[in-house]
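Heads up: the structure comes next, in structure tokens.
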Amino acid sequence: MNKNKGMLLEEIINNTISFLAINNIAFIEKKLLPYKFRTIQKNQNKLKAYSVEIIGKSTVDYIGINSRGKFICFEAKTCEGDTFYLNQIKSHQFLYLSQIHKLQGIAFVILYMSSYNLFFKIPFESLEKALENSKSMHINWLKENSKALTLEFPGYLNFLD
Numbered sequence: 001m002n003k004n005k006g007m008l009l010e011e012i013i014n015n016t017i018s019f020l021a022i023n024n025i026a027f028i029e030k031k032l033l034p035y036k037f038r039t040i041q042k043n044q045n046k047l048k049a050y051s052v053e054i055i056g057k058s059t060v061d062y063i064g065i066n067s068r069g070k071f072i073c074f075e076a077k078t079c080e081g082d083t084f085y086l087n088q089i090k091s092h093q094f095l096y097l098s099q100i101h102k103l104q105g106i107a108f109v110i111l112y113m114s115s116y117n118l119f120f121k122i123p124f125e126s127l128e129k130a131l132e133n134s135k136s137m138h139i140n141w142l143k144e145n146s147k148a149l150t151l152e153f154p155g156y157l158n159f160l161d
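With UniProt numbering applied, the sequence shown corresponds to residues 1 to 161, in that order.
Set out below in structure tokens:
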């Protein structure tokens, strides 16, 4: 698997969340994996960290709040070909999205299909429906059950509409 295949989507999302923050539309942050350093050495007033340990699972890639006070969370995924396999959404991620959705938050997945250069916003309801009935989402299913997103200048993806 290509290590950098999700970097384009991440860069576009980062551009988008900067635009949203500057224009007071929403404040969204990328979540990091929880970790701790096993060894830290101080040398000439500089700290050097060695041996990082991941201490838990992350929930979703991004969390935040919009200007109306609604909590937002989403996972960002990239796939090649015409099918997105649902095993890329881990059970703890699905449960997190589900909890936020139940509490009236905005929960979704942003999918970039690199072979077609297409972006989709998959609302939680569609994700849930897909997981009940299938192990994958074909591009035709996505076109009917999610929102196609357009990449606008300057690298902005309008996923909050």
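All C-beta atoms, glycine included, are put in the ideal place defined by N, C-alpha and C.
Please read all numbers here as calculations on a predicted model, not as lab measurements.
Counting the other Cβ atoms within 10 Å of the Cβ of T16 gives 16 or more, which makes it buried. For K77, there is no enclosing alpha helix (DSSP H); the residue is part of the beta strand (DSSP E) that begins and ends at F71 to C79. In the three-state reduction of the DSSP assignment, Y96 falls in the helix class.
Around the beta-carbon of E75, 16 or more other beta-carbon atoms lie within 10 Å, marking it buried. In terms of CA proximity to L157, N117 leads the group N117, H138, E125 and D82. Three or more Cβ pairs drawn from the region 102-120 and the region 133-152 lie within less than 8 Å of each other, which places the two stretches in contact. In the DSSP annotation of this structure, the continuous segment of the beta strand (DSSP E) that includes I106 starts and ends at I106 to M113. Annotation: L149 is outside any alpha helix (DSSP H); the continuous beta strand (DSSP E) that includes it extends over K147 to L149. Taking 8 Å as the upper bound for CB-CB distance, F124 and H101 are in contact here, some 4 Å apart. F153 sits exposed, since fewer than 16 C-beta atoms from the chains shown fall within 10 Å of its C-beta.
Contact between G105 and C79 does not hold, since their C-beta atoms are separated by about 25 Å, which reaches or exceeds 8 Å.
Distance between G155 and S91, taken at the CA atoms: about 31 Å. Scanning K57, N66, D82 and L86 for the CA closest to the CA of N133 turns up L86. Note: F119 is bridge-paired with Y112 and L149 in the DSSP secondary-structure output. Annotation: T16 is outside any beta strand (DSSP E); the continuous alpha helix (DSSP H) that includes it extends over M7 to I22. Straight-line spacing of the CA atoms in I25 and Q44 works out to 44 Å.
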